[in-house]
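Presented below is the structure to which this report refers.
Numbering (the numbering used here), first residue to last: 2 to 203.
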């Protein structure tokens with residue numbers, strides 16, 4: 002953008018907010034978009050007062066708890082912790098990858114529903130149908146689920162993940178997902194093509 006070179010996809014605002022989970026969640030809070038309860042902090046503070054943070058996390062969030070580097074991608078450094086010991090190890094891992102760590106309360110029993118939005122912020126946007134993604138074994142789609150071949154197959158990553166298109170959800174839920182997705186797309190000043198992932202309960 003600075004050198005006036007044409008690019009594909011979102012500009013600076015969308016790229017930054019889409020990558021930085023702390024900034025993203027602050028934007029969601031400001032727009033009253035429902036999300037999982039969370040806490041974030043700097044790794045320097047974590048190193049100084051681990052016991053205080055563990056106590057605060059366990060007081061405000063229920064296990065399972067997901068721990069992530071704020072600016073990580075592809076699930077690298079993301080861990081699902083189910084005990085205090087696992088929580089501390091997970092935070093140490095995330096702290097090795099970023100200066101800010103985010104911990105979220107896990108949403109159990111939810112379905113993973115995805116949607117794609119195409120267009121330019123501030124203009125008419127086009128929505129795909131919703132899809133539901135299924136995965137086996139782990140508590141979430143890890144790096145290996147996204148990018149590595151399944152055992153005994155030649156297909157790789159998400160291309161071999163089980164999914165249903167369109168997702169078997171009510172029109173009320175799909176309409177709500179579309180509304181929220183367009184809101185986020187415009188809020189982040191996105192352009193091009195964006196995929197948004199939702200956890201749906203009920």
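For glycine and all other residues, C-beta sits at the position ideal for the given N, C-alpha and C.
### Message
My assumption, with CB atoms under 8 angstroms, is that residue 199 sits in contact with residue 19. Please give the rounded CB distance.
### Response
With a contact defined as Cβ atoms closer than 8 angstroms, residue 199 and residue 19 miss out at about 15 angstroms.
#### Entry: Within the stretch 79–142, ranges of the alpha helix (DSSP H) (whole runs, at least 4 residues)
If only complete runs of 4 or more residues are kept, the stretch 79–142 shows the alpha helix (DSSP H) at 85–96, in order along the chain.
### Task
Can you tell me which of 96, 168 and 7 puts its alpha carbon nearest to the alpha carbon of residue 131?
Distance from the Cα of residue 131 is smallest, within the candidate group 96, 168 and 7, for 168.
### Message
Using the Cβ count rule (16 or more neighbours within 10 Å means buried), how would you classify residue 114?
### Response
Under a 10 Å Cβ-count criterion, residue 114 is classified as buried, with 16 or more other Cβ atoms of the shown protein chains found around its own Cβ.
### Task
Along the beta strand (DSSP E) that carries residue 194, what are the first and last residues, could you check?
Counted as a single uninterrupted DSSP element, the beta strand (DSSP E) harbouring residue 194 occupies residues 192–201.
### Task
Please work out which residues of its chain come closer than 6 angstroms, Cβ to Cβ, to residue 135, disregarding the five sequence neighbours upstream and downstream, and give them in chain order.
Taken in chain order, the residues that qualify are 163.
#### Entry: Which of helix, strand or coil DSSP assigns to residue 54
Helix, per DSSP.
### Query
Exposed or buried, what is residue 92 when buried is set at 16 or more other beta-carbons lying within 10 Å of its beta-carbon?
By the 10 Å Cβ count, residue 92 comes out buried.
### Task
Report yes or no: do the stretch 27–42 and the stretch 104–118 share at least 3 C-beta pairs separated by less than 8 angstroms?
Yes: the two stretches touch, three or more of their Cβ pairs being nearer than 8 angstroms.
### Query
Which of the three DSSP states, helix, strand or coil, is assigned to residue 178?
If DSSP states are grouped into helix, strand and coil, residue 178 belongs with the helices.
#### Entry: Proximity of residue 95 and residue 65 at Cβ, strictly below 8 angstroms
Contact: no.
### Message
Distance check for residue 84 and residue 51, CA to CA, integer angstroms please.
### Response
Computed Cα separation, rounded: 15 angstroms.
### Query
With C-beta atoms as the reference, is residue 99 less than 8 angstroms away from residue 120?
No, they are not a contact pair.
### Contacting residues, own chain, Cβ-Cβ under 7 angstroms from residue 87 (five flanking each side not counted)
Contacts found: none.
### Query
How should residue 77 be labelled, buried or exposed, when 16 other C-beta atoms within 10 angstroms of its C-beta is the threshold for buried?
Exposed: under 16 other Cβ atoms inside 10 Å.
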